[in-house]
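>
2 protein chains.
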Amino acid sequence: MNTQDDLRVNSDRLWRDFIELSLIGETRAGGVARLALSNEDLRARLWFANKLEANGLHVYDDDAGNLSGVLSCGNPKAKTLLIGSHLDGVPDGGRYDNSVGIICALECARVIQVAGIKLPFHLEIINFTDGEGCWQSLFGSRALANKLTDNYMSDTPTDYAPFRAALMRAGISPAKVKNAKRNPHHLAGYLEIHIEQGHRLDDAQIPIGIVTDIVGRTTYQMTFYGEAGHSGTTRRENRRDALRGAAEFITQAHRLVEENYPDGVFNCGNILVSPGAFNIIPSEAQLTVECRHYHKRTLADMESRILKLAQDTAIANRLTVSQKREIHMPAAHMSPEIANHIRTACQHLHITYLDIVSYAGHDAQMMFDITPTGMIFIPSKDGISHSPKEFTDWDDVVCGANVLLHTILQIANHYDAK
Amino acid sequence: MNTQDDLRVNSDRLWRDFIELSLIGETRAGGVARLALSNEDLRARLWFANKLEANGLHVYDDDAGNLSGVLSCGNPKAKTLLIGSHLDGVPDGGRYDNSVGIICALECARVIQVAGIKLPFHLEIINFTDGEGCWQSLFGSRALANKLTDNYMSDTPTDYAPFRAALMRAGISPAKVKNAKRNPHHLAGYLEIHIEQGHRLDDAQIPIGIVTDIVGRTTYQMTFYGEAGHSGTTRRENRRDALRGAAEFITQAHRLVEENYPDGVFNCGNILVSPGAFNIIPSEAQLTVECRHYHKRTLADMESRILKLAQDTAIANRLTVSQKREIHMPAAHMSPEIANHIRTACQHLHITYLDIVSYAGHDAQMMFDITPTGMIFIPSKDGISHSPKEFTDWDDVVCGANVLLHTILQIANHYDAK
Numbered sequence: 001m002n003t004q005d006d007l008r009v010n011s012d013r014l015w016r017d018f019i020e021l022s023l024i025g026e027t028r029a030g031g032v033a034r035l036a037l038s039n040e041d042l043r044a045r046l047w048f049a050n051k052l053e054a055n056g057l058h059v060y061d062d063d064a065g066n067l068s069g070v071l072s073c074g075n076p077k078a079k080t081l082l083i084g085s086h087l088d089g090v091p092d093g094g095r096y097d098n099s100v101g102i103i104c105a106l107e108c109a110r111v112i113q114v115a116g117i118k119l120p121f122h123l124e125i126i127n128f129t130d131g132e133g134c135w136q137s138l139f140g141s142r143a144l145a146n147k148l149t150d151n152y153m154s155d156t157p158t159d160y161a162p163f164r165a166a167l168m169r170a171g172i173s174p175a176k177v178k179n180a181k182r183n184p185h186h187l188a189g190y191l192e193i194h195i196e197q198g199h200r201l202d203d204a205q206i207p208i209g210i211v212t213d214i215v216g217r218t219t220y221q222m223t224f225y226g227e228a229g230h231s232g233t234t235r236r237e238n239r240r241d242a243l244r245g246a247a248e249f250i251t252q253a254h255r256l257v258e259e260n261y262p263d264g265v266f267n268c269g270n271i272l273v274s275p276g277a278f279n280i281i282p283s284e285a286q287l288t289v290e291c292r293h294y295h296k297r298t299l300a301d302m303e304s305r306i307l308k309l310a311q312d313t314a315i316a317n318r319l320t321v322s323q324k325r326e327i328h329m330p331a332a333h334m335s336p337e338i339a340n341h342i343r344t345a346c347q348h349l350h351i352t353y354l355d356i357v358s359y360a361g362h363d364a365q366m367m368f369d370i371t372p373t374g375m376i377f378i379p380s381k382d383g384i385s386h387s388p389k390e391f392t393d394w395d396d397v398v399c400g401a402n403v404l405l406h407t408i409l410q411i412a413n414h415y416d417a418k
Numbered sequence: 001m002n003t004q005d006d007l008r009v010n011s012d013r014l015w016r017d018f019i020e021l022s023l024i025g026e027t028r029a030g031g032v033a034r035l036a037l038s039n040e041d042l043r044a045r046l047w048f049a050n051k052l053e054a055n056g057l058h059v060y061d062d063d064a065g066n067l068s069g070v071l072s073c074g075n076p077k078a079k080t081l082l083i084g085s086h087l088d089g090v091p092d093g094g095r096y097d098n099s100v101g102i103i104c105a106l107e108c109a110r111v112i113q114v115a116g117i118k119l120p121f122h123l124e125i126i127n128f129t130d131g132e133g134c135w136q137s138l139f140g141s142r143a144l145a146n147k148l149t150d151n152y153m154s155d156t157p158t159d160y161a162p163f164r165a166a167l168m169r170a171g172i173s174p175a176k177v178k179n180a181k182r183n184p185h186h187l188a189g190y191l192e193i194h195i196e197q198g199h200r201l202d203d204a205q206i207p208i209g210i211v212t213d214i215v216g217r218t219t220y221q222m223t224f225y226g227e228a229g230h231s232g233t234t235r236r237e238n239r240r241d242a243l244r245g246a247a248e249f250i251t252q253a254h255r256l257v258e259e260n261y262p263d264g265v266f267n268c269g270n271i272l273v274s275p276g277a278f279n280i281i282p283s284e285a286q287l288t289v290e291c292r293h294y295h296k297r298t299l300a301d302m303e304s305r306i307l308k309l310a311q312d313t314a315i316a317n318r319l320t321v322s323q324k325r326e327i328h329m330p331a332a333h334m335s336p337e338i339a340n341h342i343r344t345a346c347q348h349l350h351i352t353y354l355d356i357v358s359y360a361g362h363d364a365q366m367m368f369d370i371t372p373t374g375m376i377f378i379p380s381k382d383g384i385s386h387s388p389k390e391f392t393d394w395d396d397v398v399c400g401a402n403v404l405l406h407t408i409l410q411i412a413n414h415y416d417a418k
């Protein structure tokens, strides 16, 4: 008879799940479009619920639409180890992000159940609502971690009306989403396996990344204000060109970050110009600006220098600028104990690994400060993600699933019920 | 009895016309919105036709919708001096641009008619269709000057379908617009009075500008192409950010023109970014770019350096760029003879004047190379135009009308029928 050490996931069973899931919302480009709360997402949830039930897991859904399968340990006082990810994806996305997180977690629960292993905690496989932030970034895990603001429930601002409609259509009552919060004392930890969405593992040909930090991210809406005027007849020294100021800011902000923040990210993803006619000096330029850094203080420093740069550029161009902080996702630090368990699992399986920072956001960012949290990355071919070209070698998926399995077992073996 | 030298326009009569016309399409902001071929434009044309008829002028409209009142000189072989402008305006525009051109021309015809002055040419007051280019820049004068392309008549490209519908609704048959062309040998010249839309007369406190040149203008659509990617996870050296390249180009193009072309104008009036999400590297940035200069060769030189700059900036940022020349309005030189007649008229009336370049486009740009053409500018308060704040002192309007009147008389007195 096999010992725990010899346990492995079933690659064929995992593959069948992968293919079944890839068909839900498949696109002509060979990818998947499964926007949160869309018909495709609801079909994927149904598929998941059926799988959970077929495997004898207890199906549970909370008031934020998070959908779980629980393998109870039999002790009503035991805590719960959450293994999560999201079935929803981006428009025109790929087949991996992050269906693989869900199917690997499901497979681990099956292997542990079939092997009859008695865990010291309940094992809960959880699909978080809107992991991609099609409506609200990390909505499901945010609700579970009790970090939701009141916006969604009230009838104002009207911006959220379509979101509320989508929730209600999915059977989720906007007035009740806050009930999804969990008591952190009932949690034993949070684990997630995810494709890297970057190039480092692929470059290094290393199959496992052990996430140490998740990048913090702040998004601003900045609007430069000048004055409209006839492009031909306005005196040069009277021009107050909002787009010219915005263009200088974008150029200099990229340089500022390049020269001073080797691990920082600056992105200006959009710009909207008013009035937008060829022969009118732009009076408004509205920019969507994003800063990322995994170090909290460095991110704050980067942000303040970028805000200052925008102010200075506005003044130099005789403009004004408004700056609105839209989203802030704080940098998240993974639990060193959990990282250690992942490391031990890799060593046990003779798999090479790399400590890695995640530059993309994850549900783990909502979880890390309420329960010990860990993330396992598997390679993304050429670093491509959010694209039909997203690809991970199947061997790497299986390898990741086995690391997840043995990390769960490591956590269990070193578990102190307290 | 008055001599010709003592003739003056009737300020009260002119004022009544101005007020009547200001009510057609008046806006809450105190301006006028009278887009070409709109209900308001059609009402203004009706007002104009009624005025012409009431004053005993022969009403004539051509196949491009240009609407004229003709004061015949009685000689069927005589040529025609055109005095023109446009009744249509920009959205949310003012009361002056360029209703004053039409009412001053009408007033001159009335004064000449009432005084019983025998001119050596027919005098034709003409309202050109779409002088503001709401549908097609300088459509009416373009048709009259036989410079229309075939686009408007054919069913393709479909872009022009709404324009054709608007023409047909106004009783203008798209298939016949080219019939509006005139034989240049039948024309004695073209004159127009227009608000300056700039600040030079107002700054100098001089009531009359004698236009020497009208700026040439070229509009490009330039699209920078990069590659979309996750803003957080894409390697810095792999970023191909179309917006960053576009921003560098805008910044440098403004500097290039400032440093090398003291009389040149560069404007980037709009930019459209794809895909436009905060966390995606922009793959496309589409710019609307405009260059102006009154000297043909200098404009060509400016254009080629700006196109080169865009190419170089694209290469430096590992992007590509497409460049499409959308509109080219050649620089236009006013007739020195007509300018001389305007100068003499000013001297006769003891009015100061200034030679001036027009940085805005005018119907005169279509006319200057088919018949001797002149333009008279009157001041725009603070240089403001295309705005409800557009304002010209009434005294300046009357002064301009008198200069127009005496310019017509000067042309008549020096006319060689050939």
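Each protein sequence line maps, in turn, to chains A and B.
Letter by letter, the first sequence follows residues 1 to 418 in this note's numbering.
Letter by letter, the second sequence follows residues 1 to 418 in this note's numbering.
Each residue gets a CB set at the ideal place from its N, CA and C atoms; glycine is no exception.
As the structure is a computational prediction, the values presented were derived from the model and not from experiment.
1) Among the residues of its own chain, which have a CB less than 6 Å from the CB of A29 of chain B, if the five just before and after it don't count?
2) With respect to the alpha helix (DSSP H) encompassing R142 of chain A, which residues constitute its N-terminal and C-terminal limits?
3) How about E107 of chain B and L14 of chain B: do their beta carbons lie closer than 8 Å?
4) Since T446 of chain B is in the beta strand (DSSP E), which residue starts that stretch and which ends it?
5) What residues match up with E124 of chain B in a beta bridge as DSSP calls it?
6) If you draw a straight line from the C-alpha of V430 of chain B to the C-alpha of L319 of chain A, how long is it?
7) Under a Cβ-count criterion, where at least 16 other Cβ atoms within 10 Å of its own Cβ denotes burial, should Q347 of chain A be classed as buried or exposed?
8) Tell me the rounded alpha-carbon separation between L299 of chain A and R217 of chain A.
9) With DSSP as the reference, please indicate the residues paired to I356 of chain A in a beta bridge.
10) Along the chain, where does the beta strand (DSSP E) that runs through D61 of chain B open and close?
11) Please name the residues in the stretch 212 to 225 of chain B whose beta-carbon is closer than 8 Å to at least one beta-carbon of chain A, in chain order.
12) Taking the alpha-carbon positions, what's the M1 of chain B to A78 of chain B distance?
13) Check the C-beta distance from D382 of chain B over to D202 of chain B and give it rounded, since I have them as a contact under 8 Å.
14) For chain A, is any of its Cβ atoms less than 8 Å away from the one on M1 of chain B?
15) Going along chain A in order, which residues have a C-beta closer than 7 Å to the C-beta of R292 of chain B?
16) Label M168 of chain B either buried or exposed according to how many other C-beta atoms from any shown protein chain fall within 10 Å of its C-beta, with 16 as the threshold for buried.
17) With distances taken Cα to Cα, identify the nearest neighbour of Y220 of chain A among A:L191, A:I271, A:H186, A:L256.
18) So the candidates are B:I281, B:G229, B:Q113, B:V100; which of them puts its Cα closest to the Cα of V70 of chain B?
19) Express the C-alpha separation of I208 of chain B and L405 of chain B in angstroms, rounding to a whole number.
20) Using Cβ-Cβ distances below 7 Å, what residues of the stretch 176 to 209 of chain B are close to chain A?
21) Along the stretch 278 to 309 of chain B, what residues have a CB closer than 9 Å to any CB found in chain A?
22) Which of the three DSSP states is assigned to F377 of chain B in this structure?
23) Could you tell me which of A:H341, A:I408, A:M367, A:S22 sits nearest to A332 of chain A, measuring between CA atoms?
24) Say whether the stretch 133 to 151 of chain A touches the stretch 170 to 190 of chain A, bearing in mind that this needs 3 or more beta-carbon pairs closer than 8 Å, one atom from each stretch.
25) Look at the alpha carbon of H199 of chain A and the alpha carbon of G74 of chain A, and state the distance between them as a whole number of angstroms.
26) Could you work out which residue in A:P120, A:D92, A:Y60, A:S99 is closest to D416 of chain A when comparing CA atoms only?
27) Give me the chain B residues within the contact set of H254 of chain A, using Cβ-Cβ distance strictly less than 7 Å, ordered along the chain.
28) I'd like to confirm the pairing. Which residues does DSSP put opposite M426 of chain B in its beta bridges?
29) Starting from Y359 of chain A, find everything on chain B with Cβ-Cβ shorter than 7 Å and list it in chain order.
30) Could you tell me the distance, in whole angstroms, from the CA atom of P282 of chain A to the CA atom of Y225 of chain A?
31) Apply the 10 Å Cβ neighbour rule to Q410 of chain B and answer buried if 16 or more other Cβ atoms are within range, or exposed otherwise.
32) Tell me whether V9 of chain B is buried or exposed, calling it buried when 16 or more other Cβ atoms sit within 10 Å of its Cβ.
33) Residues of chain A with CB under 8 Å from T251 of chain B, in chain order?
34) T194 of chain B by DSSP, collapsed to three states: which one?
35) Give the DSSP-derived three-state secondary structure of Q347 of chain B in the structure shown.
36) Closer than 7 Å, Cβ to Cβ, to anything on chain A: give me those residues from the stretch 370 to 396 of chain B, in chain order.
Working from what's here:
1) As a working note, residue 29 of chain B is residue 29 in the second sequence. Sequence-distant Cβ neighbours of A29 of chain B in its own chain, meaning closer than 6 Å and more than five residues away, are P388.
2) What you label residue 142 of chain A is simply residue 142 of the first sequence in a count that begins at 1. Looking at the DSSP string, the run of the alpha helix (DSSP H) that includes R142 of chain A is 139 to 144.
3) Translated into the one-based positions of the second sequence, residue 107 of chain B becomes position 107. Translated into the one-based positions of the second sequence, residue 14 of chain B becomes position 14. In contact: E107 of chain B and L14 of chain B (Cβ atoms closer than 8 Å).
4) Residue 446 of chain B cannot be examined here, being either before or after the span of chain B that is shown, 1 to 418.
5) Position 124 of the second sequence, counting from 1, holds the residue named residue 124 of chain B. When DSSP reads this structure, E124 of chain B sits in a beta bridge with B:V70, B:L82.
6) One cannot answer for residue 430 of chain B here, as it falls past the ends of chain B, which runs 1 to 418.
7) Taking the first residue of the first sequence as 1, we reach residue 347 of chain A at position 347. The residue is exposed, with fewer than 16 neighbouring Cβ atoms inside 10 Å.
8) In the first sequence, counting from the first residue as 1, residue 299 of chain A sits at position 299. In the first sequence, counting from the first residue as 1, residue 217 of chain A sits at position 217. L299 of chain A and R217 of chain A have their C-alpha atoms spaced approximately 8 Å apart.
9) The residue labelled residue 356 of chain A in the question sits at position 356 within the first sequence. DSSP, once it has assigned bridges, lists A:V211 as partnering I356 of chain A.
10) For this step, residue 61 of chain B is matched to residue 61 along the second sequence. Its beta strand (DSSP E) spans residues 58 to 61.
11) From the stretch 212 to 225 of chain B, only V215, R217, T219 have a Cβ closer than 8 Å to chain A.
12) In the second sequence, residue 1 of chain B corresponds to position 1, counting from 1. In the second sequence, residue 78 of chain B corresponds to position 78, counting from 1. Its pLDDT being 46, under 50, M1 of chain B is placed unreliably in this model, and the coordinates cannot settle the point.
13) Here residue 382 of chain B corresponds to residue number 382 of the second sequence, with the count starting at 1. Here residue 202 of chain B corresponds to residue number 202 of the second sequence, with the count starting at 1. With a Cβ gap of about 6 Å, D382 of chain B and D202 of chain B count as contacting.
14) To locate residue 1 of chain B, count along the second sequence from 1; it is residue 1. Here M1 of chain B scores only 46 on pLDDT, less than 50, and its place in the model is too uncertain to base an answer on.
15) For this step, residue 292 of chain B is matched to residue 292 along the second sequence. Ordered by position in chain A, the residues that pass the 7 Å Cβ test against R292 of chain B are G232.
16) Position 168 of the second sequence, counting from 1, holds the residue named residue 168 of chain B. Its Cβ having fewer than 16 others within 10 Å, M168 of chain B is exposed.
17) Reading the first sequence from its first residue, position 220 is the one you call residue 220 of chain A. Nearest to Y220 of chain A by alpha-carbon distance, out of A:L191, A:I271, A:H186, A:L256, is A:I271.
18) The residue you call residue 70 of chain B lines up with position 70 of the second sequence. Nearest C-alpha to V70 of chain B: B:Q113.
19) For the purposes of this step, residue 405 of chain B is identified with residue 405 of the second sequence, where counting begins at 1. For the purposes of this step, residue 208 of chain B is identified with residue 208 of the second sequence, where counting begins at 1. Taking the Cα positions, L405 of chain B is about 13 Å away from I208 of chain B.
20) Cβ contacts with chain A: Q197, G198, H199.
21) Along the stretch 278 to 309 of chain B, going in chain order, the ones with a CB nearer than 9 Å to a CB of chain A are F278, N279, I280, I281, P282, A285, T288, V289, E290, R292.
22) Working through the second sequence from its first residue, we reach residue 377 of chain B at position 377. It is a strand residue.
23) Residue numbering aside, residue 332 of chain A sits at position 332 when the first sequence is read from its first letter. Comparing Cα positions, the closest option is A:M367.
24) The answer is yes - the stretch 170 to 190 of chain A touches the stretch 133 to 151 of chain A, with three or more Cβ pairs under 8 Å.
25) Translated into the one-based positions of the first sequence, residue 199 of chain A becomes position 199. Translated into the one-based positions of the first sequence, residue 74 of chain A becomes position 74. For H199 of chain A and G74 of chain A, the gap between their C-alpha atoms comes out near 42 Å.
26) Within the first sequence, the letter at position 416 stands for residue 416 of chain A. Nearest of A:P120, A:D92, A:Y60, A:S99 to D416 of chain A, Cα basis: A:P120.
27) To locate residue 254 of chain A, count along the first sequence from 1; it is residue 254. What H254 of chain A touches in chain B: R244.
28) Outside the displayed range of chain B (1 to 418) lies residue 426 of chain B, so it cannot be described from this structure.
29) Locating residue 359 of chain A in the first sequence gives position 359, counting from the first residue. Correct list: G232, T233.
30) For the purposes of this step, residue 282 of chain A is identified with residue 282 of the first sequence, where counting begins at 1. For the purposes of this step, residue 225 of chain A is identified with residue 225 of the first sequence, where counting begins at 1. The straight-line gap from Cα to Cα measures roughly 9 Å.
31) Translated into positions along the second sequence, residue 410 of chain B becomes position 410. By the neighbour-count rule (16 or more Cβ atoms within 10 Å), Q410 of chain B is buried.
32) Locating residue 9 of chain B in the second sequence gives position 9, where the first residue counts as 1. It counts as buried.
33) Here residue 251 of chain B corresponds to residue number 251 of the second sequence, with the count starting at 1. Simply R244, A247, E248, T251.
34) For the purposes of this step, residue 194 of chain B is identified with residue 194 of the second sequence, where counting begins at 1. Rather than Thr, the amino acid found at residue 194 of chain B in this sequence is His. Strand at H194 of chain B.
35) Along the second sequence, read from residue 1 onward, the residue named residue 347 of chain B stands at position 347. Here Q347 of chain B sits in helix by DSSP.
36) Here the close residues are G383, S385, H386.
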